[in-house]
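Since the structure comes first, as structure tokens, the remarks are kept for the end.
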Amino acid sequence: MTQRSAAGKRPAEPQSRGGSQKDGRAEGPPVTRETDHRRWREPVESFPFETNVEVRFSDLDPMGHVNNAIYATYCEQGRVAFFSEVFDVREAEGFEFILARLEIDFRRPVLMGDPLRVGLRLSSVGTTSFAFEYRLTVRGEVVAEARSVQVFYDYRRHTKVPIPDLFRDRVRPYLAPGVSC
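Using our numbering, read the sequence shown as starting at 3 and increasing by one per residue.
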């Protein structure tokens with residue numbers, strides 16, 4: 003687990019980039035660290051697990067920012083790091099679950115060289131499924147938020163199964179405020 007301090011508060015509304023649109027693209031200079039003045043700063047203390055993720059050259063699109071599909075990979079890297087820290091490999095061998103849903107809200111582009119961090123917390127733990135919330139940040143600024151739902155699953159019988167007690171016990175320290183399991 004990583005210690006960190008509050009990064010400030012998010013403005014009520016993001017400021018518009020301005021300009022008109024022609025052929026579906028906004029006019030104006032390209033968005034870079036220097037020209038993007040919108041700031042999404044929120045406290046991140048409520049995300050009890052964080053991990054660093056390297057932005058690779060192959061993650062970039064022709065515009066020079068991370069391609070939208072790569073954010074799903076960043077969330078996956080966060081999940082893998084979370085499970086590696088919380089569970090011993092032998093304990094997790096019996097845990098079989100599927101990713102049932104993933105939704106991502108993009109706040110600003112991520113560029114090559116940005117120090118990306120992925121924060122995770124569990125936002126719900128039900129009978130057979132659990133949900134993660136993700137906060138992706140660069141230098142404390144929120145660049146994307148995501149949510150995924152995983153379902154414990156028996157691949158031999160092709161049916162969902164109850165969440166094991168060991169899983170519930172281990173994830174308690176990583177629950178979002180107000181969530182129980």
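Note that CB positions come from ideal geometry on N, CA and C, so glycine has one too.
Buried or exposed (CB count within 10 angstroms, at least 16 for buried), residue i
i, result
"residue 111", "buried"
"residue 167", "exposed"
"residue 129", "exposed"
"residue 61", "buried"
"residue 116", "buried"
"residue 161", "exposed"
"residue 143", "buried"
"residue 159", "exposed"
"residue 18", "Unreliable positioning characterises residue 18 in this predicted model, as indicated by a pLDDT of 37, which lies under 50. The coordinate reading is nonetheless provided below. Per the 10 Å Cβ criterion, exposed."
"residue 57", "buried"
"residue 2", "Because the chain here runs from 3 to 183, residue 2 falls outside it and cannot be looked at."
"residue 165", "buried"
"residue 55", "buried"
"residue 169", "buried"
"residue 103", "exposed"
"residue 119", "buried"
For residue i, the first and last residue of its enclosing beta strand (DSSP E)
i, result
"residue 48", "Unbroken run through residue 48: none, as it is neither H nor E."
Bridge-paired residues (DSSP) for residue i
i, result
"residue 155", "162"
"residue 138", "120, 146"
"residue 109", "None; residue 109 has no bridge partner."
Residue range of the alpha helix (DSSP H) that includes residue i
i, result
"residue 96", "Neither: residue 96 is in no alpha helix (DSSP H) and is coded neither H nor E."
"residue 85", "72-88"
"residue 168", "167-173"
Any non-hydrogen atom of the ligand ZN closer than 7 Å to residue i Cβ
i, result
"residue 182", "In the structure shown, the ligand ZN is absent, as is every other ligand, since no ligand is present at all."
Taking three-plus beta-carbon pairs below 8 Å as touching, is the region 68-80 in contact with the region 130-150?
Per the Cβ contact rule, the region 68-80 is in contact with the region 130-150 (3 or more Cβ pairs under 8 Å).
Using 8 Å as the cut-off, can you tell me whether the region 87-96 makes contact with the region 149-165, which would need three or more C-beta pairs spanning the two stretches below that distance?
no
Any 3 or more C-beta pairs closer than 8 Å across the region 172-181 and the region 108-126:
yes
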